[in-house]
Each structure stands twice: as structure tokens, then as C-alpha cells.
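Numbering (my numbering), first residue to last: 1213 to 1541.
In this text, a Cβ means the ideal position worked out from N, Cα and C, and glycines have one as well.
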Ligand code: MLT
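Right under this line is the structure:
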């Protein structure tokens, strides 16, 4: 055996290890620069919260920074359009929610294809909603809230994030359930809407626990119900809508990650693995729990599951929206 000193052996070993890894890295070549998450709502809202928590951990797995860019407006369709028209190289992604299920029926004249314009990467989380008002609203429980909404009607300002937003959908379902019509005040996201609710500039909102839990705990807003079948562990004293007198009023907000159409399966699968890595992260799981939600199981953070879930949601909402005849355009 040639007389190779210890340092050389270690160098050769390191080189071999690196060479073994290199084919994988060479094949991937992705990501080779920071990745952008486009969030179709303003900073500080529930979608932004989920995005930033997820992006921080995915960046560790991808080995590149993941930058969050808020592109609000038009109920989330401006941000979705940005990604649908981006290069399919895996460096511009969309993190969006149930709006991807409702937009295809709500918007009839979009400049992008709301269904075929994207490659689903995986589901992220499903977030309950809460019916909340400004702190001094003249109602102490849901029954009283319903009475006031029926009496004051357009005199009540309901904040949401635009047609197609989850807050818009929940507000529609609430008004339909109690047979009244209030005034809607649209924002570029429920982050800025929450600021006005705390300040008393608007009266009412239906928003996700990821945006309302800490304000409810702080007493900055008043909560009346959570819109899920069972109570939420982060808000154990908050009754469900059914307990509070609105049986069957259930809506929760699923979130997913998307790449532009024609993004390669290799990149989509690499992103799905990074998403699954993030959803196993203990700090992310703990923070989601503090905000009333939880990551989806790992097998749902996959392109195949996400695609079938998304297509089923589109099929669910289309007849409901067409029957209501309320379109965004
Ligand atoms: C919505 O209302 O659909 C969004 O949650 C708004 C937001 O994330 O800001």
C-alpha cells in the first residue's frame, strides 16, 4: 500500500464524501438563489403568519433564503397572478389558502388560469375561523350579536380581505345563516383590518385564529364563536358556533404551496420534501398550536394529495357560488 500520511487519507475521505454528495447537488442545482414566497395578502395577517413560519424552516432545508413578498389586493388574485406568470424555475412560489378553491368560480375574467396556472406542492395547515368584533360592540354573546346585526344591518361595518378571501367567504356564510346584510369594508389583508377592528373603526370580522387568538387573549377584541365542530385548544372558553346558537356554521381555511405551471416534477418534489421537513419542526408545530392550528400530516404535504384536495374544493364551491350568483367580476 503506498505510504499515504494521515492528513492525505482524511483529505481523500473528505473528497470522496463530497463527490458522493456532488451528483445529488449537481442534479438538483436547485435552488441556486433565494426563493420567493408570494403571499397574496398584506403583511401581518393570517396567511402572512403561516407563510413566514413555514418559510423560515424550509430555508434551512433548501440551503437558500426564502423571502416573503406580500402582494395584496383583489381578494388574493393579484398575488396569485404574479406567480402564475413567473418563470417555472422554482424560485417564485405562491402560498395561498381556500381562495384557490373559490377563485375559479368567483372570478370570471382573470388574466391568468386560476386552476391550470399552478403546480400544487403540498398542503400546509387548516386554520379555524372566529367571529370577532371590536371590544365595545353592544353584544355579549352570539345570540345578542345576531340580534344587533339584524337590527342595524348596513349600519354595521364588516371588514374582510376582498372578494375571494377567507374572511369574505366566512362573512357571506354568516350573513346568509342569520338572514341579514351588513356593509362590507375590504382591505388588502386582515392584518390591516385587525388594526382597524382594534381601533374600533370597523365593527365585525370573521378571521382565522392565526390572526385573532392573541388579540382575543389580550382583550383587544371580543370573540363570539369558533367556526369548527369542536372547541379550539388555544381558545378553550370560546364556544363553537353550534354551541352559541348557529348549528352547522362550520368553515376552516386550508393553506397550500404552489409553483407556476410547467415547474419540473423534480423541483416540485424537492420543495415538497422541504415543506414536509418544515412541518415536522418542533418550534413551528408549537407556534401553530399557540395560534390555534396544526400542520397537516406529512402525506398531505405532497403534490398528489394537494392536487386532489384542491380539485375537490373547487368542485365543492362552484355550485354554491353559482347558486348565490355573487361574483367578483
Ligand atoms: C383572508 O381573509 O382570506 C386572509 O386570511 C386575509 C389575510 O391573510 O390577510
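query                                                                                                                                                                 : result
Return the CA-CA distance between residue 1539 and residue 1296, expressed in angstroms with no decimal places.                                                       : 21 Å
Give the secondary structure of residue 1538 by DSSP, where H, G and I count as helix, E and B as strand, and everything else as coil.                                : coil
Would you kindly work out how many angstroms separate the C-alpha atoms of residue 1385 and residue 1242, rounded to a whole number?                                  : 43 Å
One question on the structure: do residue 1340 and residue 1440 come within less than 8 Å of each other, judged by their Cβ atoms?                                    : yes
Using a strict less-than 5 Å threshold between each residue's beta carbon and the heavy atoms of ligand 1, what residues do you get?                                  : 1253, 1257, 1258, 1259, 1373, 1377, 1378, 1379, 1401, 1402
Given 8 Å as the limit, is there contact between the region 1297-1314 and the region 1241-1259, that is, 3 or more CB pairs closer than that?                         : yes
Please list the segments of the alpha helix (DSSP H) lying wholly inside the region 1418-1465, counting only runs of 4 or more residues, in order along the chain.    : 1421-1429
Could you give the uninterrupted runs of the beta strand (DSSP E) lying entirely in the region 1312-1344, keeping only those of 3 residues or more?                   : none
Going by DSSP, which residues form a beta bridge with residue 1247?                                                                                                   : 1278
Does DSSP put residue 1373 in a helix, a strand or coil?                                                                                                              : coil
By how many angstroms is the C-alpha of residue 1495 removed from the C-alpha of residue 1381?                                                                        : 31 Å
Quick one, which of 1376, 1416, 1309 has its alpha-carbon nearest residue 1350's?                                                                                     : 1416
Residue 1295 by DSSP, collapsed to three states: which one?                                                                                                           : helix
What is the DSSP secondary structure of residue 1469, counted as helix, strand or coil?                                                                               : strand
Could you check what DSSP says for residue 1306 in three-state terms: helix, strand or coil?                                                                          : strand
If I measure Cβ to Cβ from residue 1309 and keep anything under 7 Å in the same chain, skipping five residues before and after, which residues do I get?              : 1259, 1378, 1465, 1466, 1467
According to DSSP, is residue 1239 part of a helix, a strand, or is it coil?                                                                                          : Any reading at residue 1239 needs caution, since the residue's pLDDT is 41, under 50, leaving its predicted position unreliable; the model's value is listed next. Three-state DSSP puts residue 1239 in a helix.
Taking the straight line between their C-alpha atoms, what separation do you get for residue 1327 and residue 1316?                                                   : 7 Å
For the beta strand (DSSP E) that residue 1397 lies in, which residues bound it at each end?                                                                          : 1395-1398
Grab me the residues of residue 1234's own chain with a C-beta within less than 7 Å of its C-beta, minus the 5 sequence neighbours each way, in chain order.          : With a pLDDT of 38 at residue 1234, under the threshold of 50, the modelled position of that residue is not reliable, and the figure given next carries that caveat. Closer than 7 Å at the Cβ level, and outside the excluded window around residue 1234, lies no residue.
Note down the Cα distance separating residue 1535 from residue 1319, rounded to an integer number of angstroms.                                                       : 15 Å
Pull up the distance between the alpha-carbon of residue 1264 and that of residue 1477, whole angstroms please.                                                       : 25 Å
List the residues that DSSP assigns as beta-bridge partners of residue 1346.                                                                                          : 1433
For the candidate residues 1287, 1500, 1333, whose alpha-carbon lies nearest to that of residue 1520?                                                                 : 1333
When the Cβ atoms of the region 1499-1518 are set against those of the region 1344-1360, are three or more pairs found closer than 8 Å?                               : no
For residue 1503, name the three-state secondary structure that DSSP assigns.                                                                                         : coil
Locate the alpha helix (DSSP H) running through residue 1359, then write down its first and last residues.                                                            : 1354-1364
Leaving out the 5 sequence neighbours to the left and right, which residues in its chain are closer than 6 Å to residue 1483 when beta-carbon positions are compared? : 1333
Residue 1270 and residue 1490: beta carbons closer than 8 Å?                                                                                                          : yes
Excluding five sequence neighbours on each side, which residues of the same chain lie with their C-beta closer than 6 Å to the C-beta of residue 1620?                : This structure cannot speak to residue 1620, because the chain is shown only from 1213 to 1541.
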